[in-house]
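FYI, in the working numbering the residues of the sequence shown are 56 to 294.
By construction, the Cβ of each residue, glycine as well, lies at the ideal position given by its N, Cα and C atoms.
Quantities reported herein were computed from a predicted structural model and do not represent experimental measurements.
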Amino acid sequence: MLKRIKNRHKSRQAFTLIELLVVLVVLAVLAAAIVPVLTGYIKRAKRDKNEEAAHYALVACQSVIVEYYGKGNIATNGKVNQSGQQGGGGSGGDLRWDNSNGANNTPEDIEWGNKVLALFDRNRSTEPYILIFGTGRANSVEDASDAYKVYYIAYVETKDSPAIFYINGEWRYEYPTDSPAAMYKKNNINYITTNDGIANNDIPIQYYVVSQNTGITDNFWTSSDPRSLKSHSAGHNGY
């Protein structure tokens with residue numbers, strides 16, 4: 056009798072161990088299925104937050120550029136109208152409203168950038184890692200209103216965030232000139248592709264740099280440096 060009780064006790068111990076192993080296996084399977092979902096959810100949540108911030112930045116840029124244009128700056132500022140801006144590799148005609156090293160701007164230029172930041176509750180201590188916007192080039196567009204309409208935004212919230220681009224009404228993560236269907240360069244000027252069926256109706260872009268905290272003083276657009284704008288876009292440097 057005592058032997059049967061001991062054997063039964065051993066059987067219960069063995070069964071409990073098996074149950075524990077089964078539970079561990081089930082938990083491992085569930086974890087393998089759930090973790091990627093949670094990771095994807097977290098990434099989407101961060102992207103949604105960054106996209107919301109980029110949208111506010113777009114509204115702020117549009118508001119300030121209308122004021123800037125209304126004061127006659129675009130029509131009279133030769134620095135804005137000079138040819139050669141790269142929008143993806145240089146600062147030939149970029150108007151600098153940032154206060155980074157090498158910006159080569161004026162206190163007035165920086166103040167315009169400050170106005171943009173203030174409109175979406177930012178300042179120079181809380182500004183985005185990169186914020187650039189683009190309008191139609193004043194000396195190239197047929198419709199004068201293009202010179203104060205924002206067609207382009209490049210936004211990077213932090214040094215660890217992906218770049219978000221606004222191209223003529225659409226948000227995207229790919230670097231714009233990687234896709235000629237969105238944007239291309241001709242004669243060292245970037246053009247947004249309109250696809251409206253009208254010949255020579257693509258939009259030449261004038262860039263305004265509001266924030267630039269990469270620490271790169273020259274080619275912060277397309278440098279192979281992981282801090283550059285292009286390195287933060289989809290398909291580059293792991294983003």
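>> Rounded to the nearest angstrom, what separates Ser-118 and Lys-241 at their Cα positions?
In response: 29 angstroms
> If we call anything under 8 angstroms between Cβ atoms a contact, is Thr-190 one with Ala-202?
Replying inline: Yes; because the gap between Cβ atoms is below 8 angstroms, this pair is in contact.
> Where does Gly-147 fall in DSSP's three states?
Replying inline: For Gly-147, the predicted structure reports a pLDDT of 49, less than 50, and the residue's modelled location is therefore unreliable. The matter cannot be settled from this model.
>> Classify Glu-74: buried if its beta carbon has 16 or more other beta carbons within 10 angstroms, exposed otherwise.
In response: exposed
> Do you know whose CA, among Tyr-230, Gly-157, Leu-76 and Gly-125, lies nearest Leu-284's CA?
Replying inline: Tyr-230
> Alpha carbon to alpha carbon, how far is Ser-266 from Asn-156?
Replying inline: 11 angstroms
>> Output needed for Leu-186: all residues of its chain with C-beta closer than 7 angstroms, excluding positions within five of it in sequence on either side, in chain order.
In response: Ala-112, Tyr-210, Val-265 and Ser-266
>> Report the CB separation of Tyr-221 from Ile-247 in whole angstroms; it is logged as a contact under 8 angstroms.
In response: Rounded, the Cβ-Cβ distance is 11 angstroms, inconsistent with contact.
>> Please give me, in chain order, every unbroken run of the beta strand (DSSP E) with length at least 3 that falls completely inside the segment 160–193.
In response: 185–191
>> Our contact map puts Thr-213 next to Tyr-184 with C-beta atoms below 8 angstroms; I'd like the distance itself, whole angstroms only.
In response: 5 angstroms
> Is the beta carbon of Tyr-228 sitting closer than 8 angstroms to the one on Ala-237?
Replying inline: Taking 8 angstroms as the cut-off, the Cβ atoms of Tyr-228 and Ala-237 do not count as close.
>> Please state whether the Cβ-Cβ distance between Gly-290 and Asp-215 is less than 8 angstroms.
In response: no
> Between Phe-275 and the rest of its own chain, which residues show a CB-CB distance below 8 angstroms, the 5 nearest in sequence each way excluded?
Replying inline: Ile-185, Gln-267, Thr-269, Arg-282, Ser-283 and Leu-284
> For the beta strand (DSSP E) that Phe-220 lies in, which residues bound it at each end?
Replying inline: First-last of the beta strand (DSSP E) with Phe-220: 219–222.
>> Using CA atoms only, rank isn't needed, just tell me which of Trp-226, Asn-255 and Ile-260 is closest to Glu-106.
In response: Per the Cα distances, Trp-226.
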